[in-house]
DNA sequence: GGAGGTACACTGGTCTGACCAGTAACCCAG
DNA sequence: CTGGGTTACTGGTCAGACCAGTGTACCTCC
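Protein chains in written order, with the working numbering: chain A, 16 to 264; chain B, 16 to 264.
1) Would a check of beta-carbon distances place residue 61/B closer than 8 Å to chain A?
2) Should residue 35/A go down as buried or exposed, given a rule of 16 or more other Cβ atoms within 10 Å for buried?
3) Going by DSSP in three states, residue 255/B sits in which element: helix, strand or coil?
4) Check whether chain A comes within 8 Å of residue 68/B, counting only Cβ atoms and requiring the distance to be less than that.
5) Identify, in the order they occur along the chain, each residue of the same chain with its Cβ nearer than 7 Å to the Cβ of residue 98/B, setting aside the five sequence neighbours on each side.
6) Residues of chain B with CB closer than 8 Å to the CB of residue 235/A, please, in chain order.
7) Going by C-alpha distance, which of 114/A, 101/A, 63/A, 200/A is nearest residue 254/A?
8) At a CB distance below 8 Å, what residues from the segment 37-55 of chain B approach chain A? Give them in sequence order.
9) I think residue 260/A touches residue 122/A, with their Cβ atoms under 8 Å apart; what is that distance to the nearest whole Å?
10) Please state whether DSSP places residue 171/A in a helix, a strand or coil.
11) If we cut at 8 Å on Cβ distances, does residue 198/A have a partner in chain B?
12) Considering only the beta carbon of each residue, do residue 269/B and residue 129/B sit closer than 8 Å?
13) Is the Cβ of residue 112/B closer than 8 Å to any Cβ of chain A?
14) Given this structure, state the Cα-to-Cα distance separating residue 46/B from residue 109/A, to the nearest angstrom.
15) Using DSSP bridges, identify the partner residues of residue 79/B.
16) Rank 95/A, 105/A, 245/A by C-alpha distance to the C-alpha of residue 103/B and give the top, closest one.
17) Looking at residue 89/B: is its Cβ nearer than 8 Å to the Cβ of residue 101/B?
18) Label residue 68/B either buried or exposed according to how many other C-beta atoms from any shown protein chain fall within 10 Å of its C-beta, with 16 as the threshold for buried.
19) Within 8 Å (strictly less), CB to CB, does residue 239/B reach chain A?
20) Between residue 118/B and the rest of its own chain, which residues show a CB-CB distance below 7 Å, the 5 nearest in sequence each way excluded?
21) How about the segment 143-162 of chain A and the segment 213-227 of chain A: do they share at least three Cβ pairs that are nearer than 8 Å?
22) Residue 141/B CB to nearest chain A CB: under 8 Å?
23) So, does the CB of residue 57/B fall closer than 8 Å to a CB anywhere in chain A?
24) DSSP three-state label for residue 48/A, please.
In structure tokens:
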């Protein structure tokens, strides 16, 4: 005979559960409003502090947002990777995660994204990519801000082509964490003109591979670019962790 | 001239920041205790409700744990991927990701994990893997529970060998979400004996590839196994999303 | 009648103070 | 030296209060 371990469930946790469930099931959609705290406390039959603690938890998970004074009540937010970003960042800071691991992860994600984009792209995707690259070429003349905007558009187009939001968002999250981790060392920033030129050349290669539906090629280009750009910040003895990912695949 | 946007910072947020900072900087180490809520409220000069909301946030991030009645105060927890797990889970659920996307993601992660394991393994890792496989062979005679336990040990050994906790935890998280998504269809469960035999054969193949440091082989085996096991649950018209990952890489 | 400003009813953020059930350490009896 | 009960404190919850801020409905003035 076996017994279940007894778990004391706090009142605020059951409030969280119910609201969470309503969001997941779709009964509460992003943009909709929750009743006010005072209203919630009578609906749930708990005190206001309990309601507030529940809202704090949901808020930490980026599921709701409260603004003081707003008579419409707390807002349901669209699912966002922000919470994922925070928890990954925290892990990285707590030093259970080094730059090598993060970069390794990113090479995996980016590589796969490029592979899938090359193999699953439609003609529409391709057209968007070509347009984005043209915008980058123009932007390079106009200054870094413009160039950077076009660069983002290019990457979004690739993301669309993969058809897998999870893959792409995870990649972006890791990217953000990596940048935060090395931002202090990154300031020197070399001269931007030659940097843009190199970046442009890389994107042309990527586009060509995607155009040719050459998944392996696109993947390898993406991974190699990451390695070239960031490996210098990885302690030398850990670089061997990254190299298996670069091999002819 | 540019101005910064004004951000009202809530009192509880600054409490969170300070405690967080103390943990990240190492001034507070896992296992150590925070002062009691009543003590914290005088140290921070805020009310208890404010302290409690801050603790709730930290608790949601898996950084502290409070137990009622414990005179030693809230405990600082070691960094764990639990929070990462939760946020990824939430994202997957809220974004109503389809099985195809999840499976695709998992093939990417598992494939890379096996590749890295094969290329970065040490002799120690190899010995552990061999032992785990032997335990599985024994376990197959003793029943499913025993077999399953050994199976978990085998996968943990692979995870260790990759040296990248992020990669592995992410894979596990996705695994969990996938199982949840198809648990209703999964019950039929065929007959376990032949299932275990097939599973065992697969693990033998994987072990051989890892032994030979054949990263591509291990990776392909892992991805193919996932495809074979789960593709039937993916709508036929979406299976093409998975196939690029199976190609000779 | 429309544009503008204003009052109001309500929001969330915070504090105080209170009670309860639970824990761990301490102390004392054996 | 051990065991069991006492106790001082813990976190969980509630009630009630105040404040600064918001959106809206209304009201005024042109």
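From the three backbone atoms N, C-alpha and C, an ideal C-beta is built for every residue, glycine too.
Let me spell this out:
1) At a cut-off of 8 Å between C-beta atoms, residue 61/B does not count as an interface residue with respect to chain A.
2) Its Cβ being crowded by 16 or more others within 10 Å, residue 35/A is buried.
3) Note: residue 255/B maps to helix in three-state DSSP.
4) Residue 68/B counts as touching chain A.
5) Within its own chain, the residues whose Cβ lies closer than 7 Å to the Cβ of residue 98/B, once the five positions on either side in sequence are excluded, are 76, 77, listed in chain order.
6) Identification of chain B residues near residue 235/A by a Cβ-Cβ cut-off of 8 Å yields none; the smallest Cβ-Cβ distance measures about 10 Å.
7) A check of alpha carbon separations from residue 254/A across 114/A, 101/A, 63/A, 200/A identifies 114/A as the nearest.
8) The residues in question are 38, 39.
9) Their Cβ separation, rounded to whole angstroms, is 5 Å, which keeps residue 260/A and residue 122/A in contact under 8 Å.
10) Helix.
11) Chain B contact via Cβ: absent.
12) An answer regarding residue 269/B cannot be provided, because it is not within the stretch 16 to 264 covered by chain B.
13) Output row for residue 112/B: interface = yes.
14) Each residue's Cα considered, the two are about 14 Å apart.
15) Residue pairing by DSSP places residue 79/B opposite 91/B in a beta bridge.
16) Residue 103/B has its Cα closest to that of 95/A, out of 95/A, 105/A, 245/A.
17) In this structure, residue 101/B does not lie closer than 8 Å to residue 89/B by Cβ.
18) Note on residue 68/B: 16 or more other CB atoms within 10 angstroms of its CB, so buried under the neighbour-count rule.
19) False, the Cβ-Cβ gap to chain A never drops below 8 Å.
20) Excluding sequence neighbours, residue 118/B sits near 193, 241, 245, 249, 257.
21) Flag = yes, the segment 143-162 of chain A and the segment 213-227 of chain A touch.
22) Not closer than 8 Å to any Cβ of chain A, the Cβ of residue 141/B fails to qualify, so no.
23) For residue 57/B, the answer is no, since every Cβ of chain A falls outside 8 Å of its Cβ.
24) When DSSP states are grouped into helix, strand and coil, residue 48/A belongs to the strand group.
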